[in-house]
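Protein chains in written order, with the working numbering: chain A, 1036 to 1150; chain B, 41 to 154.
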């Protein structure tokens, strides 16, 4: 019964580099979410998958951000040409179903620092 | 759009003190309301939830009541422990088509001293 795992836990990138952040959801969870948490703030929604389908990407801050979940399990959040304002903790969550009353289980996050 | 406003911290209490962390929300329809907790070095965990007006969520001695008339969901605990030291986030999911999307407050850091 492992929880949601994320890797790497910490990532330092130079401005302009591309990064890829990985999320392994709880086995059998249909729904997967990415959130961005800036320092001293609450998490903010980025995108939502149901199985392999990306149903909502309205929270992605720019076209440099791209997420995928090709086989309906592991997901990758990719940020191209990183900027300093991308520095944040990126949280992944999964739930058995996507309804609003279903608990979302969060991973420990990846702390991205862009120099 | 939906929003959550919660009491800004940090909050520092002595062990066995009474805790209240205020949370109010703005949302259309009938949102579901949540309190999440983040212990040092750990991920966010659901503490309690309420899905309709007048529901009371409770867990680990914490409780919060969904008050639609005041659009509030204040977190309370009668006697805090050192182990309750953490960051607490109030959150909601809206009703309607995007009801999967959690909207969080900024978080309140609670420190409980022995």
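The C-beta atom is built at its ideal place from N, Cα and C for all residues, glycine as well. Computed from a predicted model, the values in this text were never measured in an experiment.
For residue 44 of chain B and residue 143 of chain B, which I take to be in contact (beta-carbon distance under 8 Å), what is that distance rounded to the nearest angstrom? Here residue 44 of chain B corresponds to residue number 4 of the second chain, with the count starting at 1. Here residue 143 of chain B corresponds to residue number 103 of the second chain, with the count starting at 1. The pair is a contact, with the Cβ atoms about 6 Å apart (cut-off 8 Å).
Which term fits residue 1150 of chain A, buried or exposed, when burial requires 16 or more other beta carbons within 10 angstroms of its beta carbon? Locating residue 1150 of chain A in the first chain gives position 115, counting from the first residue. With fewer than 16 other Cβ atoms within 10 Å, it is exposed.
Residue 138 of chain B: contacting residues in chain A (beta-carbon distance under 7 Å): The count along the second chain starts at 1 and reaches residue 138 of chain B at position 98. Those within 7 Å of residue 138 of chain B in chain A are 1091.
For the beta strand (DSSP E) containing residue 162 of chain B, list its first residue and its last residue. Missing from the structure shown is residue 162 of chain B; chain B here goes from 41 to 154 and no further.
Find the residues of chain B that neighbour residue 1126 of chain A, judging by a C-beta separation of less than 8 Å, and give them in chain order. Here residue 1126 of chain A is taken as the residue at index 91 of the first chain, counted from 1. What residue 1126 of chain A touches in chain B: 83 and 84.
State the Cα-Cα distance for the pair residue 208 of chain B and residue 89 of chain B, rounded to the nearest angstrom. Residue coverage of chain B in this structure runs from 41 to 154, which leaves residue 208 of chain B outside it and unanswerable.
Interface residues of the segment 1064-1090 of chain A facing chain B [CB-CB below 8 Å]: 1066, 1068, 1070, 1075, 1076, 1077, 1078, 1079, 1080 and 1083
With 9 Å as the threshold, decide whether the Cβ of residue 142 of chain B is near any Cβ in chain A. Locating residue 142 of chain B in the second chain gives position 102, where the first residue counts as 1. Chain A, which has a Cβ nearer than 9 Å to the Cβ of residue 142 of chain B, makes this yes.
Mind checking residue 1044 of chain A: buried by the 16 CB within 10 Å criterion, or exposed? Taking the first residue of the first chain as position 1, residue 1044 of chain A is located at position 9. Per the 10 Å Cβ criterion, exposed.
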